[in-house]
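I have placed the structure first, in the form of structure tokens, so that the comments after it can refer back to it.
Residue numbers (the UniProt record's numbering): 1 to 345.
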């Protein structure tokens with residue numbers, strides 16, 4: 001086929017390529033291809049060849065691939081000779097855009113698109129090895145995992161660093177984005193993970209309902225027996241520290257009651273033990289989502305500061321049980337908590 005700069009493509013399958021491929025592509029160009037496959041199907045794009053000016057950030061010559069025919073949801077940006085795996089849209093439309101600057105050029109790219117049945121399966125991600133520079137807040141080197149095909153803090157499942165592999169991660173739909181960032185200083189061995197697809201589980205009469213706004217972990221459903229226990233704090237900071245997956249000091253900023261449980265967002269003042277707790281970061285502010293399994297035991301009130309200890313579910317969300325250790329946070333507790341932070345459990 002003869003490849004031109006951009007175009008409108010429809011049908012079950014076809015090819016797209018940079019202008020003049022396999023010859024050298026022209027400088028200072030911007031070419032856009034809009035692909036549409038039959039309604040009810042998704043677009044699968046496979047790069048057969050790619051040779052664009054190489055740059056770590058793909059700033060000069062690059063190919064962008066988007067979900068749909070607008071540039072709101074980018075699936076990926078590619079340059080150099082790295083050939084990505086199959087790229088899949090969530091609907092029947094995809095847009096490919098190639099931009100080149102005035103300087104170095106290569107032979108461009110060639111890709112094939114095809115229509116496929118939508119995949120209603122979920123993605124399960126497991127890390128086999130994990131060794132990324134440790135930091136309490138994962139500020140320097142980290143792996144972030146997002147639901148969907150874009151970097152969006154609202155869809156971030158978790159942010160991970162240190163040398164302990166995160167618990168298995170399951171996507172909400174059939175897209176998962178993994179982002180690895182490192183700074184210029186310390187390095188480590190990195191990570192190895194594998195993923196597999198698994199079918200969505202149909203809801204049953206005993207399964208806990210799941211909403212799109214608050215992830216729910218199997219086993220969090222409050223039972224009458226559990227929530228009728230006497231709500232009384234037992235032990236001390238010291239005796240509960242090692243048995244807890246996470247320990248933090250924070251301010252309760254939102255509370256929502258659903259199905260007998262309280263779902264809360266806590267703005268973190270300090271974190272002393274993180275475990276696999278999923279922490280959201282916006283600028284310098286950090287927060288975590290916690291579920292009080294029995295909504296009034298222990299009782300958390302908005303605007304108040306607490307020391308909170310609890311367990312972490314597979315989804316990275318904190319769980320607070322009736323026997324979890326909770327107390328009002330006071331600055332005089334910081335010395336003891338900092339000492340416990342350095343304690344070997």
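We treat Cβ as the ideally placed atom computed from N, Cα and C, and that holds for glycine.
Computed from a predicted structure; not experimentally measured.
Under the three-state DSSP convention, the category residue 338 falls into: As a first step, residue 338 must be located in the chain shown, where it is residue number 338. Correct three-state label for residue 338: helix.
C-alpha gap between residue 198 and residue 125, whole angstroms: As a working mapping, residue 198 is identified with position 198 in the chain shown. As a working mapping, residue 125 is identified with position 125 in the chain shown. If you take the alpha carbons of residue 198 and residue 125, they lie about 11 Å apart.
3-residue-minimum beta strand (DSSP E) runs that sit fully inside the UniProt domain "NTR" (227-345), ordered along the chain: Listed in chain order, the complete beta strand (DSSP E) runs (minimum 3 residues) inside the UniProt domain "NTR" (227-345) are 246-258, 261-273, 279-282, 285-292, 305-312, 318-320 and 326-328.
The region 6-15 touching the region 74-81, judged by at least three CB pairs closer than 8 Å: Fewer than three pairs of CB atoms, one per stretch, sit closer than 8 Å, so the region 6-15 makes no contact with the region 74-81.
Residues bridged to residue 10 (per DSSP): On the chain shown, residue 10 is found 10 positions in, with the first residue counted as 1. Partner(s): 36.
Where the beta strand (DSSP E) through residue 151 begins and ends: Within the chain shown, residue 151 is the residue found at index 151, counting from 1. Boundaries for residue 151: no beta strand (DSSP E) harbours it, and the DSSP string shows neither H nor E there.
CA-to-CA distance, residue 31 to residue 349, given in whole angstroms: There is no way to answer for residue 349, as the model of the chain reaches only from 1 to 345.
Sequence-distant residues of its chain with Cβ nearer than 7 Å to residue 338 (five each side left out): Along the chain shown, read from residue 1 onward, the residue named residue 338 stands at position 338. Excluding five sequence positions before and after residue 338, none of the CB atoms of its chain fall closer than 7 Å to its own CB.
For residue 267, the nearest candidate out of 288, 275 and 256 (CA to CA): Within the chain shown, numbered from 1, the residue matching residue 267 stands at position 267. Distance check between residue 267 and each of 288, 275 and 256 places 288 closest, using alpha-carbon atoms only.
Inter-residue CB distance, residue 244 and residue 149 (contact presumed, cutoff 8 Å): As a working note, residue 244 is residue 244 in the chain shown. As a working note, residue 149 is residue 149 in the chain shown. Cβ-Cβ separation between residue 244 and residue 149: approximately 35 Å, too far for a contact (criterion under 8 Å).
Pick from 18, 195, 28 and 98 that is closest to residue 178, judged by C-alpha positions: For the purposes of this step, residue 178 is taken as the residue at position 178 of the chain shown. The option with the nearest alpha carbon to residue 178 is 195.
Which residues DSSP lists as bridging residue 64, in chain order: Here residue 64 corresponds to residue number 64 of the chain shown, with the count starting at 1. BP columns for residue 64 point to 77 and 97.
Residue 202, buried or exposed, once every other Cβ within 10 Å from all chains shown has been counted against 16: Residue numbering aside, residue 202 sits at position 202 when the chain shown is read from its first letter. At residue 202, the pLDDT of 48 sits below 50, so the modelled position is not reliable; the number obtained from the coordinates is stated separately. So residue 202 ends up on the exposed side.
Straight-line Cα distance separating residue 319 from residue 379: What is shown of the chain runs 1 to 345, which leaves residue 379 out entirely.
Cross-strand partners of residue 31 (DSSP beta bridge): Residue numbering aside, residue 31 sits at position 31 when the chain shown is read from its first letter. 98.
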